[in-house]
Amino acid sequence: MSRIFTVSNQKGGVGKTTTTVNLATGLAAVDKKVLIIDMDPQANASTGLGFTKQKRLLNSYGLLIGDYTFNQVVVKSPIPGLSIIPSAIDLLGAEIELVGMERREYILRDIIAPHIKMYDYIFIDCPPSMGLLTLNSMVAATDVIIPLQCEYYALEGLSYLLGSIQKIQKTLNPRLSLFGIVLTMYDRRSSLCEMVARDVRSYLKEKVFETVIPRNTKVSEAPSHGKPALIYDIKCTGSQAYMSLAREVLIRDAHLMKEERVA
71 MSRIFTVSNQ
81 KGGVGKTTTT
91 VNLATGLAAV
101 DKKVLIIDMD
111 PQANASTGLG
121 FTKQKRLLNS
131 YGLLIGDYTF
141 NQVVVKSPIP
151 GLSIIPSAID
161 LLGAEIELVG
171 MERREYILRD
181 IIAPHIKMYD
191 YIFIDCPPSM
201 GLLTLNSMVA
211 ATDVIIPLQC
221 EYYALEGLSY
231 LLGSIQKIQK
241 TLNPRLSLFG
251 IVLTMYDRRS
261 SLCEMVARDV
271 RSYLKEKVFE
281 TVIPRNTKVS
291 EAPSHGKPAL
301 IYDIKCTGSQ
311 AYMSLAREVL
321 IRDAHLMKEE
331 RVA
């Protein structure tokens with residue numbers, strides 16, 4: 071079964087897009103068929119894979135409002151096995167345009183449903199807000215991955231996000247589940263990072279990935295070159311962490327699939 075991840079956090083600057091791009095790249099590197107759907111008007115996932123504005127004329131905005139078909143907007147990235155539906159600034163207006171549409175929360179799910187089996191993993195990169203774009207992403211998804219920056223205010227936002235996920239489970243998408251939380255921008259020299267990590271693990275236990283993503287200059291530099299960190303510098307600590315995270319995702323996915331078959 072294909073797994074559809076929405077990578078979400080209502081707080082910006084937590085490594086959401088960086089996690090999307092590098093985790094997808096890590097899974098593609100082990101011969102998985104992976105698709106990224108860029109649902110963020112900032113289009114950072116798109117530019118992070120080298121798709122400039124000129125290369126994003128067919129995009130997720132046109133897909134949502136019905137101007138283009140799924141096959142028209144999917145493009146192959148320079149990374150074997152990894153494709154993307156790029157984004158555009160036009161998505162800013164989609165929140166308003168979608169309001170009047172029928173089944174407005176299900177638009178993305180209905181569009182991608184016939185194509186899911188083409189991929190092992192689909193990642194949906196959401197904007198840092200709980201609007202219709204993020205809602206569509208969560209209704210289309212099977213699982214949520216939450217990148218969590220190791221700082222105090224992140225804990226407050228996490229409880230709100232978990233509450234939103236529960237509401238969506240009850241009303242719009244009963245199959246949605248929390249796949250895992252990945253701690254990002256981790257600094258082992260900081261006692262605050264240690265405290266936040268300890269508190270999150272105490273509260274959510276096995277839902278928190280063992281892998282933590284450290285602060286790393288190479289990871290920050292990579293998007294400006296239009297490359298994932300794993301391509302820009304595979305040997306840097308950030309890239310190694312994302313490869314470790316990809317392995318953990320594969321192990322967790324296999325375990326969950328076994329449980330689902332037994333059930």
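Read in this note's numbering, the sequence shown has 163 at position 93, and its numbers run on one by one without any break.
We put the beta carbon where it would ideally sit given N, CA and C, even for glycine.
Backbone CA spacing between residue i and residue j [nearest angstrom]
{"i": "I74", "j": "T281", "result": "21 Å"}
{"i": "V145", "j": "Y223", "result": "37 Å"}
{"i": "G163", "j": "L225", "result": "30 Å"}
{"i": "G170", "j": "N206", "result": "14 Å"}
{"i": "E318", "j": "I304", "result": "18 Å"}
{"i": "S314", "j": "G96", "result": "9 Å"}
{"i": "L232", "j": "I166", "result": "25 Å"}
{"i": "R173", "j": "V77", "result": "22 Å"}
{"i": "K240", "j": "I159", "result": "32 Å"}
{"i": "L178", "j": "A210", "result": "6 Å"}
{"i": "C196", "j": "S261", "result": "30 Å"}
{"i": "L152", "j": "I186", "result": "14 Å"}
Sequence-distant residues of its chain with Cβ nearer than 6 Å to residue i (five each side left out)
{"i": "P293", "result": "G118"}
{"i": "T307", "result": "P284 and N286"}
Cβ shell of residue i (< 8 Å), same chain only, five flanking positions each side left out
{"i": "G120", "result": "S147, P148, G296 and K297"}
Residue i, buried or exposed, once every other Cβ within 10 Å from all chains shown has been counted against 16
{"i": "A299", "result": "buried"}
{"i": "Q236", "result": "exposed"}
{"i": "Q219", "result": "buried"}
{"i": "I321", "result": "exposed"}
{"i": "P150", "result": "exposed"}
{"i": "Y230", "result": "exposed"}
{"i": "P244", "result": "exposed"}
{"i": "V332", "result": "exposed"}
Secondary structure of residue i, DSSP reduced to three states
{"i": "K81", "result": "coil"}
{"i": "P156", "result": "coil"}
{"i": "D323", "result": "helix"}
{"i": "V289", "result": "helix"}
{"i": "P184", "result": "helix"}
{"i": "I74", "result": "strand"}
Any C-beta of chain D under 8 Å from that of residue i
{"i": "E167", "result": "Of the protein chains in the structure, only one exists, and it is not chain D."}
Proximity test, residue i beta-carbon vs the ligand SAM heavy atom, cut-off 7 Å
{"i": "G308", "result": "Ligands displayed in this structure: none; no statement on the ligand SAM is therefore possible."}
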